[in-house]
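Position 401 (the sequence shown) corresponds to 604 in this note's numbering; numbering is contiguous. Ideal Cβ positions, reconstructed from N, Cα and C, are used throughout, including at glycine. Model, not experiment: these values are computed from the prediction.
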Amino acid sequence: MSANWECRMNKRDSEIMEELQGKIRELTEEDSRLHKKLEEKESKINELQEENNKQKEEIHELKEEIQKLRQTIFGLKTSKKRRRSSNANQKPKKRGPPFGHKGTSRKRPDSVDTTIVLELEECPYCGGELKELEDVRVRYEEEIIPVPLYAIKYIIKQGYCKHCDKVVYPEVPETIGNRHFGVRFLLYIAYLRYVMNLPEGKIAALMNDTYNAHVSVGTVVDYLKKAAELFGDEYKRIKCEMRESHICNYDDTGQRVDGRNRWLWAFVSKEAVLYLTSKNRGKKVVIKILGEDYDGVSGQDFYPSFDGAPGRKQKCWSHLIVPARENVERKHPPPESLEFYEGLLQIFEDAKEVVEKLETEEERSRVYAEFVDILEKFVTQEGKWNHHAVKKLAKRALKYRHELFTFILVPGVDPTNNVAERALRPGVRQRKIWGCFRTTKGAENRDIMMSAIGTMKIQEKDFFTHGNEYILSKLS
204 MSANWECRMN KRDSEIMEEL QGKIRELTEE DSRLHKKLEE KESKINELQE
254 ENNKQKEEIH ELKEEIQKLR QTIFGLKTSK KRRRSSNANQ KPKKRGPPFG
304 HKGTSRKRPD SVDTTIVLEL EECPYCGGEL KELEDVRVRY EEEIIPVPLY
354 AIKYIIKQGY CKHCDKVVYP EVPETIGNRH FGVRFLLYIA YLRYVMNLPE
404 GKIAALMNDT YNAHVSVGTV VDYLKKAAEL FGDEYKRIKC EMRESHICNY
454 DDTGQRVDGR NRWLWAFVSK EAVLYLTSKN RGKKVVIKIL GEDYDGVSGQ
504 DFYPSFDGAP GRKQKCWSHL IVPARENVER KHPPPESLEF YEGLLQIFED
554 AKEVVEKLET EEERSRVYAE FVDILEKFVT QEGKWNHHAV KKLAKRALKY
604 RHELFTFILV PGVDPTNNVA ERALRPGVRQ RKIWGCFRTT KGAENRDIMM
654 SAIGTMKIQE KDFFTHGNEY ILSKLS
């Protein structure tokens, strides 16, 4: 009995073991199948990732290609760095004028000082006799003639007045005190310094090499100081005229004076230009020049301190459009940069075009309100301008939208501040050539002379002619 029971139990255990082993085999096969399936999935994921990365690269390349094509279509200028790299593989441009350009030559002189007839007596090749032809060749040449210093000797005759008991004599005309050189010498020195931007040592060298004048750097400095002294009243007059101007553009740039940071300002009106070297950069300088009650229109950039300056304001469109274009010209431009630039430029061009057709104040006010609204809607489009560089310009345009279209309301106002920036360029060139000013007085002298010279240029007056008349009137 017990043997049979034991036999049945062993058989039962064997069946269970076989069943377990069968399940283990099934699980092993299932595990192997799942591992194989997982490997296939991982391989597929890797393939998809590689394909995705490849597509991203292709999309990026296509975007860059589209950007280049749109820049070509819309005529956007590229920066110098990108121009060098992009043109490396391009065929060099053919030299010479563009196709269809009409050639020009220098105009013949109106008058001839010397005529020289050139004639051959015999053939230069064989020495034979020549038969004179009716046709002649004519050629003109213009030459510089060395001009020496023009020396004037004054013989001053004296007389005795028995009524006054004094010896009297006539004053020497066209002289600057007891100085050796005259008015035109002073004007030429000032021209070389403040128009040609030559250092004082170079001026002395030029005068000595060209005219054999035997002048020193000290002489040059002395005459520059005297020039500023003579034109001091003209500087004050220009300052008063600037305060009375209806439209004034101003800007500033850095300047070192006696080793300290200073600011060179340029104020430009329709009839004058005023330069000022100041310790400050902000509305205090504007108030000093234009006055607290200035009621004209001032062209300016977006420097925050200018917001509190007196008068109505015209913010500079170039300080919006140029940064927007620079965003487009980046190596990796923001996706929305071109659309923002084109939209902003189109609004500006439309405003400039329509302002020429406006006649009445009612029309100007209506169009002004329309363009303010157009700009506001453009820069506040929901979710449109996400990149920080584009968003910064959009915020700037929104903040100053009312002051960007003052040129529509007031005839004659320039929508940019380029005129003031151009007026500062001579100062920037001087800074690069001369370095800093050693004294505050030297900077003030520069301000006086450049204001006088710049104002004459705006008024289309010759510096040497008008300057000579002005100095003689001061000396008389």
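query                                                                                                                      : result
Cut-off 6 Å between Cβ atoms - residues of its own chain near Glu444, not counting five sequence neighbours on either side : Ala475
Cα-Cα separation between Glu579 and Cys451, rounded to whole angstroms                                                     : 27 Å
Beta-carbon spacing of Phe608, Phe574 below 8 Å                                                                            : yes
Under the three-state DSSP convention, the category Trp637 falls into                                                      : helix
CA nearest to the CA of Met410, picked from Arg446, Pro351, His535, Arg628                                                 : Pro351
Distance CB(Val616)-CB(Gln517) smaller than 8 Å                                                                            : yes
Lys534 (DSSP reduced to helix, strand or coil)                                                                             : coil
Neighbour-count burial assignment, Ser679, 16 or more Cβ in a 10 Å radius                                                  : exposed
8 Å contact criterion, which Ala626 and Ala469 should meet: CB distance rounded                                            : 4 Å
CA-to-CA distance, Val525 to Lys305, given in whole angstroms                                                              : 33 Å
Beta-carbon proximity list for Tyr438, same chain, < 6 Å, skipping 5 on both sides                                         : Ile651, Ser654
Element boundaries [beta strand (DSSP E), containing Cys326]                                                               : Premise fails: Cys326 is in no beta strand (DSSP E) and is neither H nor E.
Cβ contact (3+ pairs, closer than 8 Å) linking the segment 584-601 and the segment 540-554                                 : yes
Unbroken beta strand (DSSP E) run spanning Ser501, endpoints                                                               : 500-503
Same chain, Cβ closer than 7 Å to Val398, neighbours up to 5 away in sequence not counted                                  : Ile656
With 16 other Cβ atoms within 10 Å as the buried cut-off, status of Phe302                                                 : exposed
N- and C-terminal bounds of the beta strand (DSSP E) containing Gln458                                                     : 450-460
Limits of the alpha helix (DSSP H) - the one that Gln584 falls within                                                      : No alpha helix (DSSP H) contains Gln584, which DSSP labels as neither H nor E.
Residue span of the alpha helix (DSSP H) that contains Gly404, given as start and end                                      : 403-414
Contact under 8 Å by Cβ, Leu523 with Leu601                                                                                : no
Where Glu332 falls: helix, strand or coil (DSSP)                                                                           : strand
Helix, strand or coil at Leu612 [DSSP, three-state]                                                                        : helix
Supposed close pair Leu427, Ile392 - CB separation, criterion 8 Å                                                          : 6 Å
Contact check, Arg459 vs Ser481, beta carbons under 8 Å                                                                    : no
C-alpha distance - Leu672 paired with Glu564, whole-angstrom precision                                                     : First, the residue type needs correcting, since residue 672 is Glu and not Leu in the sequence shown. Roughly 43 Å between the two C-alpha positions.
Spatial distance of Gly499 from Leu493 (CA atoms)                                                                          : 9 Å
Neighbourhood of Met220 by C-beta distance below 8 Å, restricted to the same chain and skipping five residues each side    : none
Three-state secondary structure (DSSP) of Leu237                                                                           : helix
Rounded distance between the beta-carbons of Cys364 and Val375, thought under 8 Å                                          : At roughly 20 Å, the Cβ-Cβ gap does not stay under 8 Å, so Val375 and Cys364 are not in contact.
Whole-angstrom distance between Val418 and Thr281, CA atom to CA atom                                                      : Confidence at Thr281 is low in this model, with a pLDDT of 49, below 50, so its placement is unreliable and no value can be given for it.
One or two residues paired with Ser481 in a DSSP bridge                                                                    : Trp466
Span of the beta strand (DSSP E) around Arg311                                                                             : Here Arg311 belongs to no beta strand (DSSP E), and DSSP marks it neither H nor E.
Per-residue burial, Arg528 [other beta carbons within 10 Å of its own, 16 or more giving buried]                           : buried
Tyr394 vs Phe505 beta-carbon contact at 8 Å                                                                                : no
From Glu261, Tyr343, Thr642, residue whose alpha carbon lies closest to that of Leu321                                     : Tyr343
Arg515 (DSSP reduced to helix, strand or coil)                                                                             : strand
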